[in-house]
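Asks:
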Amino acid sequence: MDVTTRPLTEQDLPRVAELLDSTLGAGFWDLDVQQSGSHRAAVADGIIVGVASAVIAEATGELAGLAAPVGLVRIAAVAEDARGCGVATRLVREVCDACAAAGAADLAAFAWVHGPEGSAPLAGVLRRLGFTRARRLVDFYSSSGMQCCPACGQVPCACPADLYVRSDAKSADPHPR
């Protein structure tokens, strides 16, 4: 599969909404391409097959203790037929690189664990990019609204999140391109 990446635009939002609804679940995501940060799309044959978004955040709340500012990966999703081709790794690497270039001292991501005893699909990507799991956050998504969670099937969502961090955002990627 020949995939290119580029900045996400407002015009991409209808297709991105379809992709995120199908991969993350309707009501379980928000994306503002005008928000300061990096928002990237992966395109194959003219169709968006992946998206990643990261913002510069303060080291408060669950991010307390990290070096500020923090580059926070907020969203990473890839269409089912484009998985296993390195699309997510490429997108997350690009948004992390952009956060580091914008001054992020540390990088972080909340990886959605599917079900209370499940695993986080994003975990492998994060580990490949030098992130380590810091801790599990129980009921992290319980305030995500009153939609039925596509992973655990509960309202509100009972899924935890794993916080992954990579200190020294400007350090070399342990797995260069």
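Once you know that position 123 of the sequence shown is 1461 in the numbering used here, the rest is easy, because the numbers rise by one and skip nothing.
Cβ coordinates follow ideal geometry from the N, Cα and C atoms, glycine included.
1. Could you tell me whether the segment 1437-1445 touches the segment 1470-1484, using the rule of 3 or more Cβ pairs below 8 Å?
2. Distance, Cα to Cα, Ser1505 vs Pro1407?
3. Per DSSP, what kind of secondary structure is Leu1410 in: helix, strand or coil?
4. Using only the alpha-carbon positions, how far apart do Gly1424 and Ala1417 sit?
5. Which whole-angstrom value describes the C-beta separation of Pro1488 and Gly1363, a residue pair presumed to lie in contact below a C-beta threshold of 8 Å?
6. Comparing alpha-carbon positions, which option in Arg1428, Leu1401, Ala1392 and Val1433 lies nearest Arg1471?
7. Let me know the alpha helix (DSSP H) ranges lying completely inside the segment 1342-1415, each 4 residues or longer, listed in chain order.
8. When you compare only the Cα positions, how much space is there between Asp1340 and Trp1367?
9. Suppose the cutoff is 8 Å on Cβ atoms and the five residues either side in sequence are ignored; what does the same chain contact list for Ser1457 look like?
10. In this structure, what does DSSP give as the bridge partners for Val1503?
11. Among all the DSSP beta bridges, which residues are the ones paired with Leu1475?
Replies: Well, looking at it:
1. Short answer: they don't touch.
2. Rounded to whole angstroms, Ser1505 to Pro1407 spans 11 Å at the Cα level.
3. Three-state result, Leu1410: strand.
4. When rounded, the distance between both Cα atoms is 12 Å.
5. At roughly 4 Å, the Cβ-Cβ gap stays under 8 Å, so Pro1488 and Gly1363 are in contact.
6. Cα-wise, what sits closest to Arg1471 is Leu1401.
7. Whole alpha helix (DSSP H) segments, 4+ residues: 1351-1361.
8. Distance between the alpha carbons of Asp1340 and Trp1367 is about 27 Å.
9. Val1451.
10. Answer by DSSP bridge pairing, in chain order: Ala1446 and Thr1470.
11. Answer is Ala1499, bridged to Leu1475.
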